[in-house]
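Visitor: The structure's right below; bear with me while I get my questions together.
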Amino acid sequence: MRVLLVEDDDRVVAALTPALRRANLDVRRAPTAARALEAVGEADLVLLDMGLPDQDGLVLCRHLRETTDIPIIAVTARRDEATVVNALRAGVDDYVTKPYRLAELMARIDAVMRRSLVHLPDPVEQVGEIRLDHGSRQVWVGEQEIRLTRKEFDLLRMLVQAEGAAVTREALMSSIWETAWVGASRTLDVHVSALRSKLGCPAMIETVRGVGYRIAAKG
136 MRVLLVEDDD RVVAALTPAL RRANLDVRRA PTAARALEAV GEADLVLLDM GLPDQDGLVL
196 CRHLRETTDI PIIAVTARRD EATVVNALRA GVDDYVTKPY RLAELMARID AVMRRSLVHL
256 PDPVEQVGEI RLDHGSRQVW VGEQEIRLTR KEFDLLRMLV QAEGAAVTRE ALMSSIWETA
316 WVGASRTLDV HVSALRSKLG CPAMIETVRG VGYRIAAKG
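Position 92 (the sequence shown) corresponds to 227 in the numbering used here; numbering is contiguous.
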């Protein structure tokens, strides 16, 4: 999947680009609104900073919406309510404030692309003896295939893609169950328990108290 990163801060680009590429995303950068308008035709998703040197991000978003329905996620330090509301009205599909966790950003990318009926790439990922095929949604532990439900697979995929970082309960519930309702928290715990049992290695999924869950580095 081709991601257009509209960002003028070199430090942000240097930190974010390698992480997105590790997730098998093709990242191209546009440091200005003018460059973004030129490059958007070759992208599947836009990650948009609101503070650009040549044009406000809200104005750019409106221009993009006049010519394309490409998914847009605002990734910005602006967190005041008025800016968030105006960005959503201008046409962004989601809004992420800096600083953010990479796992949360990946979850929001996944959710936005699923809603737009465009799917993430289908790589095969491996952690320890666990292997995930994203295309067929199959999972193996060693040579044995493990049957997972759709929600269990999505949960395992999010944890694996976080590469050992903790994924918050809120991010998991928002992406997999598309809800922030606290009552869904019990559903998450039940699915984690079932996943641990099916993998045959409870220590593979660690609980991070007060935060969420993470995949064990060594399994």
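We treat Cβ as the ideally placed atom computed from N, Cα and C, and that holds for glycine.
All values reported here derive from a predicted model rather than from experimental measurement.
Rounded to a whole number of angstroms, what is the C-alpha to C-alpha distance between R137 and I340?
Guide: Rounded to whole angstroms, R137 to I340 spans 31 Å at the Cα level.
Visitor: Examine the Cβ distances between the segment 225-234 and the segment 191-209 and report whether three or more of them are shorter than 8 Å.
Guide: Yes: the two stretches touch, three or more of their Cβ pairs being nearer than 8 Å.
Visitor: So A225 is in the alpha helix (DSSP H); what residue range does that whole segment cover?
Guide: Taken as a continuous stretch (DSSP letters only), the alpha helix (DSSP H) holding A225 covers 216-225.
Visitor: On the three-state DSSP scale, how would you describe V141?
Guide: Reduced to three states, the DSSP call for V141 is strand.
Visitor: Below 7 Å CB to CB, which residues in the same chain sit around K286 once its five sequence neighbours on both sides are set aside?
Guide: Around K286: I311, H326.
Visitor: What residue ranges within the segment 231-305 form continuous beta strand (DSSP E) runs of no fewer than 3 residues, ordered along the chain?
Guide: Counting only runs of 3 or more, we get 259-262, 265-268, 273-276, 279-281.
Visitor: With a threshold of 16 other CB atoms inside 10 Å of the CB of G277, please say whether the residue is buried or exposed.
Guide: Exposed, by the Cβ-count rule.
Visitor: Could you round the C-beta distance between A297 and R349 to whole angstroms and report it? I think they count as a contact, below 8 Å.
Guide: Correct: roughly 6 Å between the Cβ atoms.
Visitor: Between the Cα of L151 and those of A178, L183, A171, I205, spot the shortest distance and give me the residue it belongs to.
Guide: Cα-wise, what sits closest to L151 is L183.
Visitor: Cβ of L283 within 9 Å of Cβ of L330?
Guide: Yes, the Cβ-Cβ distance between L283 and L330 is below 9 Å.
Visitor: Alpha carbons only, please: which of A338, C336, G299, L294 is nearest the one belonging to L323?
Guide: When only C-alpha atoms are compared, the closest one is L294.
Visitor: Can you tell me where the beta strand (DSSP E) with D228 in it begins and where it stops?
Guide: Where D228 is concerned, there is no enclosing beta strand (DSSP E), given that its DSSP letter is neither H nor E.
Visitor: By Cβ distance, which residues of its chain are closer than 7 Å to H254, with the 5 residues on each side in sequence left out?
Guide: With a pLDDT of 46 at H254, under the threshold of 50, the predicted position of this residue should be treated as unreliable, and no value is reported.
Visitor: What does a CB cutoff of less than 7 Å around F288 pick up in its chain, not counting 5 residues either side in sequence?
Guide: R272, V274.
Visitor: Distance, Cα to Cα, D204 vs P337?
Guide: Using only the alpha carbons, I get a separation of about 43 Å.
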